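The block underneath contains the structure these notes are about, expressed in structure tokens.
Chains as they are written, first to last, in my numbering: chain P, 1 to 142; chain V, 1001 to 1142; chain B, 2001 to 2142; chain G, 3001 to 3142.
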């Protein structure tokens, strides 16, 4: 069985709808490539918010923030002005402080971009790796 | 009677909710000033969409786009990470091709920024001023 | 005599060259309007750096940062991909903490955008208005 | 011999200096992660320009543009406000239309981020893969 298969069955992805505006496009007529990373971030934070953890709660109460350690992204088809996109978040194997997520940017059922983002939970002040707070761990792993 | 008063009574503003993410902030800990212009644009296009005129319909069917001729903005209080903002749009006296709008960025009832944006309706190919299409004019002036 | 005339003669503007990349443009084929504000900021900070005041020195040694209180900008002609622009900074009448500047975005001798930006010098921690440090005042007013 | 070794010896990297401004940072006090992709793009286009191929020449004369097919990036250390960065470009094995590049974002001799970007040369109108024009091929492969 492929490693992703069980995960996919078990863990339905969170999905955020987004509209494409001029500010997201470039003179090539399509969404500028780095803008996808911004879309991915918005989806991750709405996913955390839905789990009960807004950005301010994370930073002020739990004293952690998430930083992106690495990411890889494949751009399959261009998104265009006025498109309604859906950006998904699916959690992979969470470590002590590492939180890898698989994300997709879709238009209807078409996958426009596919990304894997490696997040690290870090102390809000020192930016050093911090254990994922247990209440947050429970909320997102379920 | 102040010129704005009648308008305000007659024409309730369109309002778009927006969440502030890391991508909107800067190292000063607040929303970066040029980002407000992006917020204003999102609200203007959602206002047009609600009136039945998405960006693609404007460009492909009516052959017009809107460009910003000038704008002035006053930043009163900083917006911060995780804030839920509301961005309003209120139409001012529309000309043949000029569409001036008054916009605000609010957090609850507090006005964080106040802007006046002078839009021009231009031909999608030549970028020359174009008469506001009459169906669009009826839809937004009401 | 016009108020600006003496100033213009006395105070040659600082000018920063900038190249336009895809990241600066939108699907209309021209530079996206809020991007001009980013260009203006880059010119202001290079102007301060040339006067001996880098961003870190301002924040860490002098304990101040500049925030934008208000701005108005007029977009005259579009800048395009690959254009080499020059962004100027000209100081206006400096107050205790207010630093108004006039800025232009030019392509050769053509003015593409003209802006007036009202900066305030604020305490780096409290974000309350702070007197412009005297050494900085001397350096920029000359 | 490591695959990259011969390349590294043969092909010194192009390097673009860049200053970090507020617009590049986020409320975490460091450069926002998607902004690195913008830095990488600026370096790639200055590298092409140095080879004699500005963006307009590519699009208007050679009728091609480059699109990003995929990229992976590792963020090792944060860049901060006011940092002077150097962004490098090193060409990997060029295909018919694929142009893979290895890029780094450095502060002095410290590598802050390391990326591999897979570019595709595409027709400016159809956005379909196009053979890398031979004069461009000669100029960048040398």
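Glycine residues also receive a C-beta, built at the ideal position from the N, C-alpha and C atoms. If you're wondering where the values come from, they're calculated on a predicted model, not measured in any experiment.
With a threshold of 16 other beta carbon atoms within 10 Å, residue 108 of chain P falls short and is exposed. For residue 3118 of chain G, the closest C-alpha among the options P/104, P/58, P/72, P/96 is that of P/72.
A check of alpha carbon separations from residue 3044 of chain G across G/3064, G/3095, G/3103, G/3057 identifies G/3103 as the nearest. The three-state reading of DSSP puts residue 97 of chain P in coil, since its state is none of H, G, I, E or B. For residue 43 of chain P, the enclosing alpha helix (DSSP H) stretches over residues 35-50. Residue 3038 of chain G sits close to residue 2023 of chain B, with the two beta carbons spaced by under 7 Å. Interface criterion not met: the Cβ of residue 1059 of chain V is under 7 Å from no Cβ in chain G. Close CB contacts of residue 75 of chain P within its chain, under the 8 Å cut and outside five residues either way in sequence, are with 33, 36, 112, 113 (chain order). The C-beta of residue 2131 of chain B has fewer than 16 other C-beta atoms within 10 Å across all chains shown, which makes the residue exposed.
Residue 3025 of chain G has a beta carbon lying within less than 7 Å of a beta carbon in chain V.
Scanning chain P for C-beta atoms nearer than 8 Å to the C-beta of residue 3038 of chain G yields 34, reported in chain order. Residue nearest to residue 1069 of chain V within the set V/1128, V/1051, V/1136, V/1141 is V/1128 (criterion: CA-CA distance). Listed along the chain, the chain P residues whose CB falls inside 8 Å of the CB of residue 2119 of chain B amount to none; the nearest CB is some 24 Å away. Take the alpha-carbon of residue 3088 of chain G and the one of residue 3094 of chain G: they are about 17 Å apart. The C-beta distance from residue 2105 of chain B to residue 2139 of chain B rounds to 25 Å, too long to meet the 8 Å contact threshold. For residue 3044 of chain G, none of the residues of chain P pass the 8 Å Cβ criterion, the least Cβ distance being about 12 Å. The DSSP-derived three-state label of residue 3084 of chain G is strand. Scanning chain V for C-beta atoms nearer than 7 Å to the C-beta of residue 3029 of chain G yields 1027, reported in chain order. By the 16-neighbour rule on beta-carbons within 10 angstroms, residue 3065 of chain G is buried. For a Cβ distance threshold of 7 Å, residue set 2054, 2055, 2056 of chain B lies close to residue 3082 of chain G, ordered along the chain.
In this structure, the alpha-carbon of residue 3018 of chain G lies about 35 Å from that of residue 91 of chain P. The beta carbon of residue 3051 of chain G lies closer than 7 Å to those of 3139, 3140 in the same chain, with the five residues before and after it left out.
Residue 41 of chain P reaches chain V at 1021, 1022, 1023, counting residues in chain order whose Cβ is nearer than 9 Å. Any Cβ of chain B closer than 7 Å to the Cβ of residue 1070 of chain V would place that residue at the interface, and such an atom is present.
For residue 3074 of chain G, the chain P residues whose Cβ falls inside 8 Å of its Cβ are 69, 70, in order along the chain.
DSSP, reduced to helix, strand and coil, places residue 1139 of chain V within a helical segment of the structure shown.
Taking a C-beta distance under 7 Å as the contact criterion, residue 41 of chain P and residue 16 of chain P do not qualify as a contact pair.
For residue 1013 of chain V, same chain residues with a beta-carbon under 7 Å away, outside a window of 5 residues either side, are 1088, 1089, 1090 in chain order. The C-beta of residue 3142 of chain G has fewer than 16 other C-beta atoms within 10 Å across all chains shown, which makes the residue exposed. The C-beta of residue 2126 of chain B has fewer than 16 other C-beta atoms within 10 Å across all chains shown, which makes the residue exposed.
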